[in-house]
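Numbering (the numbering used here), first residue to last: 779 to 1775.
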Amino acid sequence: MSVPQGRRSSTFTRLLRHGFTDPSAAERLLDVPDLSAVRSDPLLLDALGATADPDLALLGLVRLVEAQAGDPERRELLDTLITAKPLRDRLLGVLGASEALADHLARHPLDWQALVTYEPSDLHPGVEEFERGLADAGDPNSLRVAYRRCLLSIAARDVCGTTDIAQTAAELADLATATLRAALAMAQADAPGDAALCRLAVIAMGKCGGHELNYVSDVDVIFVGEAVEGADEGKAIQAATRLASHMMRICSDTTVEGTIWPVDANLRPEGRNGPLVRTLSSHLAYYQRWAKTWEFQALLKARPVAGDLELGDAYVRTLSPLVWQAAERENFVPDVQRMRKRVVENIPAGEVDRELKLGPGGLRDVEFAVQLLQLVHGRADLSLRSGTTLDALAALADGGYVGRVDAVQLDDAYRFLRTLEHRIQLYRLRRTHLVPEGDADLRRTGRSMGMRTEPITELHRAWRRHTSVVRRLHEKLFYRPLLDAVAQLASGETRLSTEAARERLVALGYHDPSAALRHLEALASGVTRKAAIQRTLLPVLLGWFADSADPDAGLLNFRKVSDALGKTPWYLRLLRDEGAAAENLARVLSAGRLAPDLLMRAPEAVALLGDQRGLEPRGHAQLEQEVLAAVGRADGAEQAVAAARGVRRRELFRTSAADIIASYGTEDTPAEADQGALVDRVGGAVSDITAATLAGTLRAVVREGWGDELPTRFCVIAMGRFGGHELGYGSDADVLFVHEPREGVDDQEAAKAANRVVSEMRRLLALPSADPPLLIDADLRPEGKSGPVVRTLKSYEAYYRRWSLVWESQALLRAEPVAGDLDLGRRFIDLIDPLRFPAEGLGEDAVREIRRLKARMESERLPRGADPTLHTKLGRGGLSDVEWTVQLLQLQQGWAEPGLRTTRTREALAAACAAELIQGEEAAILDEAWVLASRVRGAVMLVRGRPGDTFPSDGRELAAVGRYLGYDPGHVGDMLEDYRRMTRRARAVMEERFYGA
């Protein structure tokens, strides 16, 4: 029968008003004959409109009505639906939120009756009630049906708001307990002989053990077995293993009724490689000897749920003391530092922002923070020993271990995120932690959480707000109570005891907690504006310090900088308002000694950290211009050179700070992936700084002694790593000095003036000062230490023409004018080019001599006791091996290949590869080893504050080098092995290319 257009329009509009997105399809569904008795009842439309997805709910209802066996069953369902509001709300609520449960009802059309009862026990059922609900299941298929029937009632209470998220998660865990018991009973019934041989306990772990299970989740378990009296233990454990395996299959296998959930036993000792079932004594032996910190963390949630509960209780009692001693373990701190790093690397890039569990500000952040605080403080406070996240969070707040306001905000965020996770999983009953992308899914999810006006917009806004809260509180949760303990401001608040504060600092990597507490008290106590801002900054700063290898140094250095700058109005404002400045400062202050030492000499340089452009290296011309201007304003040479050294110190800080920040990365910017670019940036910047300092010093000395013009032209030639633009933080300046008397000036007078310049430059650059000295090394000059420090251009020409040795030609490959009379410098380069790039290359005798020199250096110059596999300069595959290999190619082929005529190692290596003088793979191996060795040398200087050519022996310093190189805490062994592997490969290439092996 046709429907009048006016009526259709009216129904269409009413359906739109009730939240239907496809009113035409809804009209057709309402017109099916089976709904004729209720289609016009306003109660039905109102109830459908109240669901998460009215279209989905109506479709599910039609399918359920059509699936009834006959008219009597249909009438019973529809009559009850209209007359019983509890059933109407429950049934339509489930149908509007879960397509999977609608499918179940269509397959089992009488199961809707499970939603009719409304007894007190039905409001909050426990394990016993669920066991009764599963009691009639006699095989895996019927168990699945019964499980879904029980799940219907849980979902109904959830979507109707009868239970909150904590109660829903607890009911799901209780249903899982009852299901595990039923599955184990089936396994035992199928193998009575095995059941008679053993005692088997099932220990729930993870969210099931913590009484906070999801709708769809692996159920984590551990099995404990014992022989019954008189039985052989080996046979009993084999029997228990068969029972455990069968129980797992009953739950996990997919049948015509689908699956329940996977049972995951991988949290057991040794994981998948370990036996499925162990005796209690075997468990104890493993945890006493081999277990890692994360395994004790997992045991926080251990709870006996099935099988021999007496044995299960014994398991928990036996292992519990070990759990609460975990914070005393030697490796607890590096383990914690590793665990605290958010695990987002393995999440596909397109999913990170949708990840509810592992993403930044996700569920894992809350759960980890709570569990860590339980491990640290649960040793002494039994009230903290709960496996349930929200209960443990409340206990932490009650005990003063977490600020009350922080705990309330975190509780609220966690409840929201878990509810969102539940609603997403409920739709198809699939395991997922991703927020959907489609508008229909987002709309249904938002409406299921009570967002009805603009559900998609409201959902996104609430979700982002709560994840932001978690991200903000994740670090502060650890540290804010420490400040409350020392600041002594508000009265009536429960505070951490001094001992509890020390325990927390030790657990987070602080080696001297008493000193750390003194620093915190000095920084945060009082009612001044300065102290108030510090209390805001410190919780985050302390977390960044703890992420380093030396948190104590970071906090101490921060106190020193704050003491020096605390009264300047811009300092705290910079840290508070410039988002990057505080994190950059924390990274720099805790990464080693060099950068903080440079900063302490002039703390105002902290301003460089507030602007990304402030960390970019300045070019040679700009640096030289500033240094010469500073020298020009000074009175006398000493004051002028002091000004030049001050610029050098600031620029060394700029370079080292940028290097540290790029190597560590920040919360918003990942660490620099191109290690070679980092080495080039540091080498270029330090070389430019050194060149500008020498130019300024030369100007100051000349002005002091001779006014505007020296009686001889004078030039400084950079050599070695200086000439190659590869200087490290602790490198001396290898140079040659060349001069040329001006017209009419006596040669002796000119030589005297040039020598006086060199002597005065050396003296002024090494004077005791707050700024680091710059040592000048001229040992690469003709005749070495026996020859004159400075020569005329003609003297160099005569020497090189008559006496030059092959090693000097090799050294001159790095020569480059950097200060003084650059025209004289260019003529010096013209003079030496035929020596370093000889026509037709080196003769065989010269090649043999270079190889002999290299072999002699390897045998004589390596320090006694040094590990040749770890010495960055002279060790196997280190800097010397790579540089000599490249330099031999330059000496042999530079005359023919213009690209090889460079002072830079990597540039020359790339040119050799482009000219096919070396294979691409070999060039890559040499380059990788050279870059790594350079990075290690830089790291040693940054960490120790003094140069070194091998890895530090001190454990904390070694860990700091590892962090700089990108290795997580506890992985210094991997770092050393990687270094040996890379340099071993480089040595193999060097032996073939250099020695012709």
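No residue lacks a Cβ here, since even glycine has one placed at the ideal position from N, Cα and C. The model shown is predicted, which means the values in this text are computed figures rather than measured ones.
Could you give the DSSP three-state label for residue i: helix, strand or coil?
i	result
Cys1029	helix
His1649	coil
Arg1201	helix
Ala1005	strand
Cys723	With the chain covering only 779 through 1775, there is no way to say anything about residue 723.
Arg1225	helix
Gly1270	Here Gly1270 scores only 48 on pLDDT, less than 50, and its place in the model is too uncertain to base an answer on.
Ala1597	strand
Arg1120	Because Arg1120 carries a pLDDT of 48, less than 50, the predicted location of this residue cannot be relied on, and no value is offered for it.
Met779	Low confidence applies to Met779: its pLDDT is 35, below 50, so where it sits in the model is not reliable, and the reading given next is rough at best. It is coil, neither helix nor strand.
Pro811	helix
Thr1306	coil
Arg1765	helix
Pro1053	coil
Pro1519	strand
Ile1000	strand
Leu1162	helix
Val894	coil
Asp824	helix
Val1213	coil
Glu1699	helix
Gly916	coil
Gly971	helix
Gly1036	strand
Near residue i, what residues of its chain come up, given a Cβ to Cβ distance below 7 Å and the 5 sequence neighbours on each side ignored?
i	result
Gly1603	Cys1493, Ile1495 and Pro1595
Arg1250	none
Arg922	Thr1033, Glu1035, Gly1036 and Ile1038
His1289	Asp1330
Gly1270	Residue placement at Gly1270 is flagged as unreliable, the pLDDT there being 48, under the threshold of 50; the coordinate-derived value follows with that caveat. Taken in chain order, the list of residues that qualify is empty.
Leu1406	Ala1473, Gly1474 and Arg1477
Could you name the residues of the same chain whose beta carbon sits closer than 6 Å to that of residue i, not counting the 5 residues immediately before and after it, in chain order?
i	result
Leu1343	Tyr1349 and Pro1381
Leu856	Ala815 and Val816
Phe1336	Leu1367
With residue i as the anchor, note down where its beta strand (DSSP E) starts and where it stops.
i	result
Cys976	Cys976 to Ala982
Ala847	Counting along the chain, Ala847 falls outside any beta strand (DSSP E), and DSSP gives it neither H nor E.
Gly1085	Arg1081 to Gly1085
Thr1167	It is not in any beta strand (DSSP E) - Thr1167 instead sits in the alpha helix (DSSP H) that spans Thr1167 to Asp1176.
Val994	Per DSSP, Val994 belongs to no beta strand (DSSP E) and is neither H nor E.
Val1148	Run containing Val1148: none in the beta strand (DSSP E); it sits in the alpha helix (DSSP H), Leu1141 to His1155.
Looking only at its own chain, which residues have a Cβ that is under 8 Å from the Cβ of residue i, when we skip the five neighbours before and after it?
i	result
Trp1484	Ala1531
Ala1268	In this prediction, Ala1268 scores a pLDDT of 47, lower than 50, which makes its location untrustworthy; the coordinate-derived value is nonetheless stated afterwards. If we look at Ala1268 and ignore the five residues flanking it on each side, its Cβ neighbours are Asp1262.
Gly1744	Ser1441 and Ala1449
Please confirm whether any heavy atom of the ligand NAP lies closer than 7 Å to the CB of residue i.
i	result
Asp1042	The model on display carries no ligand, and the ligand NAP is accordingly not part of it.
Could you tell me the boundaries of the alpha helix (DSSP H) in which residue i lies?
i	result
Gln1400	His1398 to Arg1411
Pro1329	Pro1329 to Leu1343
Leu1781	For the chain, the structure presents residues 779 to 1775; residue 1781 sits outside this window and is missing.
ask   = Hey, is the segment 1464-1474 in contact with the segment 1643-1658, meaning 3+ C-beta pairs nearer than 8 Å?
value = The segment 1464-1474, when compared against the segment 1643-1658, does not touch it at the 8 Å Cβ threshold.
key: Touch test, the segment 1517-1527 against the segment 1578-1594, Cβ-Cβ under 8 Å, three pairs minimum   = No, the segment 1517-1527 is not in contact with the segment 1578-1594.
request  = Could you tell me whether the segment 1140-1155 touches the segment 1220-1228, using the rule of 3 or more Cβ pairs below 8 Å?
outcome  = The segment 1140-1155 and the segment 1220-1228 do not touch, with fewer than 3 CB-CB distances between them shorter than 8 Å.
request  = Specify whether the segment 914-928 and the segment 863-871 touch according to this definition: at least 3 beta carbon pairs, one from each stretch, less than 8 Å apart.
outcome  = No, because fewer than three Cβ pairs between the segment 914-928 and the segment 863-871 fall closer than 8 Å, the two stretches do not touch.
ask   = What are the start and end residues of each continuous alpha helix (DSSP H) run of 4 or more residues lying completely inside the segment 1364-1392, in chain order?
value = Runs of the alpha helix (DSSP H) inside the segment 1364-1392: 1372-1378.
ask   = Is the segment 965-981 touching the segment 1001-1011, taking contact as three or more C-beta pairs under 8 Å?
value = Taking 8 Å as the limit for Cβ pairs, the verdict is that the segment 1001-1011 does touch the segment 965-981.
inquiry  = Any contact between the segment 1551-1558 and the segment 1505-1514? By contact I mean 3 or more CB pairs, one from each, below 8 Å.
reply    = A contact exists between the segment 1551-1558 and the segment 1505-1514.
message = Using a Cβ distance threshold of 8 Å, determine whether the segment 1736-1751 contacts the segment 1654-1668, with at least three qualifying pairs required.
response = With fewer than three CB-CB distances shorter than 8 Å, the segment 1736-1751 does not count as touching the segment 1654-1668.
query = Is it a yes or a no for the segment 1374-1392 touching the segment 1449-1458, going by three-plus beta-carbon pairs under 8 Å?
reply = Fewer than three pairs of CB atoms, one per stretch, sit closer than 8 Å, so the segment 1374-1392 makes no contact with the segment 1449-1458.
Continuous alpha helix (DSSP H) assignments of at least 4 residues falling wholly in the segment 1447-1517 = Counting whole runs of 4 or more residues, the segment 1447-1517 contains the alpha helix (DSSP H) stretches 1453-1484 and 1498-1501.
task = Please confirm if the segment 1359-1378 is in contact with the segment 1441-1451, defined as three or more CB-CB distances below 8 Å between the two stretches.
result = By the Cβ criterion, the segment 1359-1378 is in contact with the segment 1441-1451, since at least three pairs of Cβ atoms, one from each stretch, lie closer than 8 Å.
message = At 3 residues or longer, what runs of the beta strand (DSSP E) sit wholly inside the segment 1552-1621?
response = As far as the segment 1552-1621 is concerned, its whole beta strand (DSSP E) runs of at least 3 residues are 1568-1570 and 1594-1598.
inquiry  = So, does the segment 1195-1207 touch the segment 935-944, judging by three or more C-beta pairs under 8 Å?
reply    = Judged by Cβ distances under 8 Å, the segment 1195-1207 makes contact with the segment 935-944, as three or more pairs qualify.
message = Measuring CB atoms only, is the segment 1695-1709 touching the segment 1719-1728, in the sense that at least three cross pairs come out at less than 8 Å?
response = Short answer: they don't touch.
request  = Tell me, please, whether the segment 1625-1641 touches the segment 1681-1695 by the rule of three or more beta-carbon pairs shorter than 8 Å.
outcome  = Touching, no, given that fewer than three Cβ pairs across the two stretches are closer than 8 Å.
key: Three CB pairs or more closer than 8 Å across the segment 1078-1091 and the segment 980-999   = Touching, yes, given that three or more Cβ pairs across the two stretches are closer than 8 Å.
task = Would you check if the segment 1279-1288 and the segment 1317-1329 touch, i.e. whether three or more CB-CB distances between them fall below 8 Å?
result = With the cut-off at 8 Å, the segment 1317-1329 and the segment 1279-1288 touch.
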